[in-house]
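Shown next, in structure tokens, is the structure this report addresses.
There are 2 protein chains.
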Amino acid sequence: MDTEDEAVDGVFRALADTNRRALLDTLFARNGQTLSELCEGRGMSRQAVTKHLVILENANLVASVKRGREKLHYLNPAPIHEIGERWISKYERTRLEALFDLKKALENDNE
Amino acid sequence: MDTEDEAVDGVFRALADTNRRALLDTLFARNGQTLSELCEGRGMSRQAVTKHLVILENANLVASVKRGREKLHYLNPAPIHEIGERWISKYERTRLEALFDLKKALENDNE
DNA sequence: CTTATAGGCAACCAAAGGGTTGCATGTCAA
DNA sequence: TTGACATGCAACCCTTTGGTTGCCTATAAG
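Residue numbers (our numbering), protein chains in the order written: chain A, 8 to 118; chain B, 8 to 118.
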């Protein structure tokens with residue numbers, strides 16, 4: 008499906024940045040953190056972190072709820088699971104055959 | 008390890024582009040294709056495809072060998088496997104708990 | 001009520017990304 | 001050897017991205 012592909016694309020793009028993966032790691036370590044908490048120790052402005060979180064939210068990797076004046080962020084592991092199921096596992100199936108092709112090609116190169 | 012993290016970063020970045028994932032798919036369908044073959048049907052110049060392949064090669068997702076005047080490209084599924092093993096599976100472990108947190112947070116939001 | 005705290009919004013900027021075109025090189029085939 | 005084919009290299013261009021700063025709004029606390 009087309010929308011599904013776009014979703015996959017969004018997830019891959021979101022995961023392409025080290026800082027964003029670090030943010031996911033932080034939420035993985037402790038879920039439900041506020042924006043201020045998520046800013047701690049990262050060498051960048053609050054607005055930069057906000058932008059990253061927006062991208063993560065658009066990719067559905069993070070959901071947020073407001074509690075009073077603060078915003079709590081929750082990890083959503085579902086898209087990561089999807090990527091593993093629908094994308095990575097595909098390459099897993101023929102993994103050894105591909106490695107065999109590769110090895111053979113590199114050997115012939117040495118002739 | 009630091010170099011390992013950089014490798015992971017390179018793989019994620021390489022996978023972030025739809026065209027590059029499509030190239031991997033094409034090699035998945037038939038391994039060992041030439042540059043010209045890999046250009047077919049993609050709506051872009053040969054040089055554009057070359058650039059994408061360079062990125063994939065730098066990320067170790069593709070290896071190439073020269074045969075005469077042509078260059079054969081082989082899929083290397085190892086980095087994809089690594090991502091699955093070392094990164095995705097981590098989030099897999101606490102997946103249901105995270106989803107539970109998420110659900111609870113969203114419920115409280117409706118109060 | 002006043003002030004400090006948590007966060008939102010918009011403008012701006014430099015660098016990276018994805019693409020193009022033009023030309024050069026190396027190899028196969030006639 | 002000459003021409004066609006497969007690829008390499010470099011300059012250039014526009015858009016996206018990741019970051020900044022400044023200011024505005026809303027809630028909590030004194």
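All residues carry an ideal CB built from backbone N, CA and C; glycine is no exception.
Straight-line gap, residue i to residue j (C-alpha atoms, nearest Å)
i: I62 (chain A); j: A29 (chain B); result: 23 Å
i: L45 (chain A); j: V56 (chain A); result: 8 Å
i: T10 (chain A); j: I90 (chain A); result: 15 Å
i: T25 (chain A); j: E99 (chain A); result: 24 Å
i: L113 (chain A); j: A21 (chain B); result: 22 Å
i: A85 (chain A); j: G50 (chain B); result: 33 Å
i: R53 (chain B); j: K110 (chain A); result: 27 Å
i: L31 (chain B); j: F107 (chain B); result: 35 Å
i: R37 (chain A); j: E104 (chain A); result: 40 Å
i: W94 (chain B); j: F19 (chain B); result: 11 Å
i: K58 (chain B); j: G39 (chain B); result: 18 Å
i: L42 (chain B); j: T41 (chain A); result: 48 Å
i: S96 (chain A); j: E92 (chain B); result: 11 Å
i: E64 (chain B); j: L34 (chain B); result: 13 Å
i: V69 (chain A); j: V69 (chain B); result: 32 Å
i: L60 (chain A); j: I87 (chain A); result: 16 Å
i: G48 (chain A); j: A14 (chain B); result: 23 Å
i: E77 (chain B); j: T101 (chain B); result: 47 Å
i: R27 (chain B); j: G17 (chain A); result: 14 Å
i: R74 (chain A); j: D12 (chain B); result: 35 Å
Reduced DSSP category for residue i - H, G, I as helix; E, B as strand; rest coil
i: R74 (chain A); result: strand
i: L68 (chain A); result: coil
i: T101 (chain B); result: coil
Interface flag, residue i vs chain B, CB-CB below 8 Å
i: L106 (chain A); result: yes
i: E118 (chain A); result: The pLDDT assigned to E118 (chain A) is 45, lower than 50, so where the model puts this residue is not dependable, and the model offers no usable value.
i: I62 (chain A); result: no
i: G17 (chain A); result: no
i: H203 (chain A); result: This structure leaves residue 203 (chain A) out entirely; chain A is present only between 8 and 118.
i: A70 (chain A); result: yes
i: R93 (chain A); result: no
i: A55 (chain A); result: no
Short CB-CB distance (under 8 Å) between residue i and chain A
i: L45 (chain B); result: no
i: R102 (chain B); result: yes
i: T25 (chain B); result: yes
i: E77 (chain B); result: no
i: G39 (chain B); result: yes
i: A66 (chain B); result: no
i: E99 (chain B); result: yes
i: G50 (chain B); result: no
i: H59 (chain B); result: no
i: L42 (chain B); result: no
i: L109 (chain B); result: yes
i: A14 (chain B); result: no
i: A29 (chain B); result: no
i: A36 (chain B); result: no
Supposed contact pair residue j and residue i - C-beta distance, whole angstroms, cut 8 Å
i: L79 (chain B); j: V72 (chain B); result: 5 Å
i: A66 (chain A); j: A23 (chain B); result: Actually they are not in contact, since the Cβ atoms of A66 (chain A) and A23 (chain B) sit about 11 Å apart, beyond 8 Å.
| query | Can you list, in chain order, the stretches of the alpha helix (DSSP H) that have 4 or more residues and sit fully within the stretch 24–73 of chain B? | reply | 25–36, 42–46 and 53–65
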